[in-house]
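Participant: What the sequence shown shows, in the numbering used here, is residues 321 to 474, in sequence order. For reference, the structure I am asking about is given below.
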Amino acid sequence: MKILPAAFEDLSEILALQKEAFESEARLVQNYQIPPLTQTLAELESEFSSLVVLKAVDGDGKITGSVRAKIEKGTACIGRLMVAPGQQGEGIGTKLLAAIEKACAQERYELFTSAKSKRNVALYEKAGYCRFKEKEFMPDVWLVWLEKRGRGES
(Lines of atoms letter the chains of each structure in order from A and count residues from 1; the text may use other names and numbers.)
(Lines give C-alpha, C1' and ligand atoms only; values in the text may rest on other atoms or scores of the structure.)
Protein backbone atom coordinates (compact mmCIF):
# COMPACT_ATOMS: atom_id res chain seq x y z
CA MET A 1 0.00 0.00 0.00
CA LYS A 2 1.18 3.49 -0.89
CA ILE A 3 -0.07 6.86 0.29
CA LEU A 4 0.00 9.46 -2.46
CA PRO A 5 -1.46 12.90 -3.19
CA ALA A 6 -4.85 12.51 -4.84
CA ALA A 7 -5.42 13.97 -8.30
CA PHE A 8 -8.57 15.68 -9.56
CA GLU A 9 -9.20 12.57 -11.69
CA ASP A 10 -9.38 10.46 -8.48
CA LEU A 11 -12.32 12.36 -7.02
CA SER A 12 -15.14 10.20 -8.39
CA GLU A 13 -13.46 7.05 -7.01
CA ILE A 14 -12.81 8.80 -3.68
CA LEU A 15 -16.43 9.96 -3.46
CA ALA A 16 -17.69 6.43 -4.15
CA LEU A 17 -15.38 5.11 -1.41
CA GLN A 18 -16.56 7.88 0.91
CA LYS A 19 -20.21 6.86 0.52
CA GLU A 20 -19.31 3.21 1.09
CA ALA A 21 -17.08 3.90 4.10
CA PHE A 22 -19.41 6.36 5.84
CA GLU A 23 -22.49 4.16 5.48
CA SER A 24 -21.53 2.46 8.77
CA GLU A 25 -21.39 5.88 10.48
CA ALA A 26 -24.86 6.71 9.15
CA ARG A 27 -26.13 3.39 10.48
CA LEU A 28 -24.48 4.09 13.85
CA VAL A 29 -26.15 7.50 14.24
CA GLN A 30 -29.33 6.36 12.45
CA ASN A 31 -29.18 9.26 10.00
CA TYR A 32 -28.41 8.83 6.31
CA GLN A 33 -28.36 12.60 5.68
CA ILE A 34 -24.88 13.11 7.12
CA PRO A 35 -22.63 15.26 4.88
CA PRO A 36 -20.27 12.46 3.76
CA LEU A 37 -23.26 10.64 2.24
CA THR A 38 -24.94 13.69 0.70
CA GLN A 39 -21.84 15.34 -0.80
CA THR A 40 -21.93 15.51 -4.59
CA LEU A 41 -19.06 15.13 -7.02
CA ALA A 42 -19.51 18.77 -8.07
CA GLU A 43 -19.14 19.89 -4.44
CA LEU A 44 -16.00 17.81 -3.95
CA GLU A 45 -14.53 19.07 -7.22
CA SER A 46 -15.21 22.70 -6.28
CA GLU A 47 -13.43 22.40 -2.93
CA PHE A 48 -10.54 20.25 -4.18
CA SER A 49 -8.18 23.15 -4.94
CA SER A 50 -8.42 24.41 -1.34
CA LEU A 51 -7.66 21.01 0.21
CA VAL A 52 -4.76 18.65 0.70
CA VAL A 53 -6.17 15.26 -0.34
CA LEU A 54 -4.30 11.99 0.09
CA LYS A 55 -5.20 8.52 -1.08
CA ALA A 56 -4.11 5.04 -0.01
CA VAL A 57 -3.58 2.81 -3.04
CA ASP A 58 -3.19 -0.96 -3.03
CA GLY A 59 -0.85 -2.96 -5.28
CA ASP A 60 -3.48 -3.03 -8.04
CA GLY A 61 -3.86 0.77 -8.04
CA LYS A 62 -7.27 0.70 -6.32
CA ILE A 63 -7.97 3.49 -3.83
CA THR A 64 -8.56 1.84 -0.45
CA GLY A 65 -8.56 4.94 1.73
CA SER A 66 -8.42 8.72 1.70
CA VAL A 67 -8.17 11.74 3.95
CA ARG A 68 -8.29 15.48 3.39
CA ALA A 69 -7.36 18.62 5.24
CA LYS A 70 -7.75 22.36 4.94
CA ILE A 71 -5.26 24.70 6.58
CA GLU A 72 -6.83 27.60 8.47
CA LYS A 73 -4.84 29.99 10.69
CA GLY A 74 -2.11 27.54 11.72
CA THR A 75 -4.52 24.62 12.14
CA ALA A 76 -4.85 21.67 9.81
CA CYS A 77 -8.55 20.82 9.86
CA ILE A 78 -8.58 17.12 8.99
CA GLY A 79 -11.68 15.46 7.62
CA ARG A 80 -13.19 12.54 5.80
CA LEU A 81 -10.64 9.98 6.92
CA MET A 82 -11.97 6.83 5.29
CA VAL A 83 -10.94 3.25 4.64
CA ALA A 84 -12.73 0.69 2.50
CA PRO A 85 -15.01 -1.35 4.79
CA GLY A 86 -13.30 -4.65 3.99
CA GLN A 87 -9.91 -3.23 4.97
CA GLN A 88 -10.71 -1.37 8.17
CA GLY A 89 -8.60 -2.41 11.14
CA GLU A 90 -5.48 -3.04 9.00
CA GLY A 91 -3.68 0.20 9.94
CA ILE A 92 -4.55 2.14 6.78
CA GLY A 93 -6.42 4.84 8.71
CA THR A 94 -3.51 5.29 11.13
CA LYS A 95 -1.08 5.64 8.21
CA LEU A 96 -3.35 8.12 6.43
CA LEU A 97 -3.67 10.22 9.59
CA ALA A 98 0.11 10.34 10.06
CA ALA A 99 0.59 11.17 6.37
CA ILE A 100 -1.88 14.08 6.37
CA GLU A 101 -0.25 15.50 9.50
CA LYS A 102 3.14 15.32 7.77
CA ALA A 103 1.78 16.79 4.53
CA CYS A 104 0.19 19.71 6.38
CA ALA A 105 2.78 20.24 9.19
CA GLN A 106 1.02 22.82 11.35
CA GLU A 107 1.13 23.98 14.97
CA ARG A 108 -2.26 22.37 15.58
CA TYR A 109 -4.42 19.63 14.10
CA GLU A 110 -8.16 19.37 14.56
CA LEU A 111 -10.77 16.84 13.52
CA PHE A 112 -14.19 15.59 14.52
CA THR A 113 -16.15 12.39 14.48
CA SER A 114 -19.43 11.01 15.74
CA ALA A 115 -19.52 10.85 19.53
CA LYS A 116 -20.94 7.33 19.10
CA SER A 117 -17.98 6.20 17.00
CA LYS A 118 -15.86 4.73 19.78
CA ARG A 119 -13.50 3.06 17.30
CA ASN A 120 -12.71 6.37 15.57
CA VAL A 121 -12.28 8.23 18.86
CA ALA A 122 -9.91 5.51 20.08
CA LEU A 123 -7.86 5.75 16.86
CA TYR A 124 -7.50 9.51 17.25
CA GLU A 125 -6.70 9.37 20.96
CA LYS A 126 -4.05 6.71 20.30
CA ALA A 127 -2.53 9.13 17.75
CA GLY A 128 -2.26 11.83 20.43
CA TYR A 129 -5.51 13.73 19.93
CA CYS A 130 -7.48 15.06 22.92
CA ARG A 131 -11.18 15.89 23.09
CA PHE A 132 -12.02 19.55 23.47
CA LYS A 133 -15.66 19.95 22.41
CA GLU A 134 -18.86 18.00 21.88
CA LYS A 135 -21.88 19.42 20.10
CA GLU A 136 -25.16 18.31 18.54
CA PHE A 137 -24.65 18.72 14.78
CA MET A 138 -28.05 17.46 13.61
CA PRO A 139 -30.98 16.19 15.67
CA ASP A 140 -29.64 13.27 17.71
CA VAL A 141 -26.25 13.38 15.91
CA TRP A 142 -23.53 14.43 18.35
CA LEU A 143 -19.99 15.16 17.21
CA VAL A 144 -16.82 15.23 19.28
CA TRP A 145 -13.92 17.48 18.27
CA LEU A 146 -10.34 16.46 19.02
CA GLU A 147 -7.08 18.36 18.69
CA LYS A 148 -3.38 17.67 18.70
CA ARG A 149 -0.48 20.06 19.03
CA GLY A 150 2.03 19.92 16.21
CA ARG A 151 5.66 20.81 15.86
CA GLY A 152 7.14 23.44 18.14
CA GLU A 153 4.60 23.10 20.96
CA SER A 154 4.55 21.04 24.10
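Don't be surprised by glycine CBs; every beta carbon is placed ideally from N, CA and C. The structure displayed is predicted, hence computed values, not measured ones.
Would you kindly work out how many angstroms separate the C-alpha atoms of serine 370 and proline 325, rounded to a whole number?
Facilitator: 14 Å
Participant: Can you check which of these residues, Lys436, Tyr444 and Val373, is closest to serine 344 by C-alpha distance?
Facilitator: The option with the nearest alpha carbon to serine 344 is Lys436.
Participant: How many angstroms separate the CA atom of threonine 384 from the CA atom of leucine 335?
Facilitator: 12 Å
Participant: Buried or exposed: alanine 442, going by 16 or more other Cβ atoms within 10 Å of its Cβ?
Facilitator: exposed
Participant: Check valine 461 in the structure and name its three-state DSSP category.
Facilitator: In the structure shown, valine 461 adopts extended strand secondary structure according to DSSP, grouped into three states.
Participant: Could you tell me the alpha carbon to alpha carbon distance between leucine 348 and leucine 431, rounded to whole angstroms?
Facilitator: 19 Å
Participant: Would you call the CB atoms of alanine 419 and leucine 337 closer than 8 Å?
Facilitator: In this structure, alanine 419 sits away from leucine 337, with a CB-CB distance that is not shorter than 8 Å.
Participant: Cβ of alanine 442 versus every heavy atom of the ligand FMN: is any distance shorter than 7 Å?
Facilitator: This structure does not include the ligand FMN; it has no bound ligands of any sort.
Participant: My guess is that valine 377 and leucine 417 are in contact by the Cβ rule of under 8 Å, so how many angstroms apart are they, rounded?
Facilitator: In fact, because the Cβ distance is near 17 Å, the residues do not count as touching under 8 Å.
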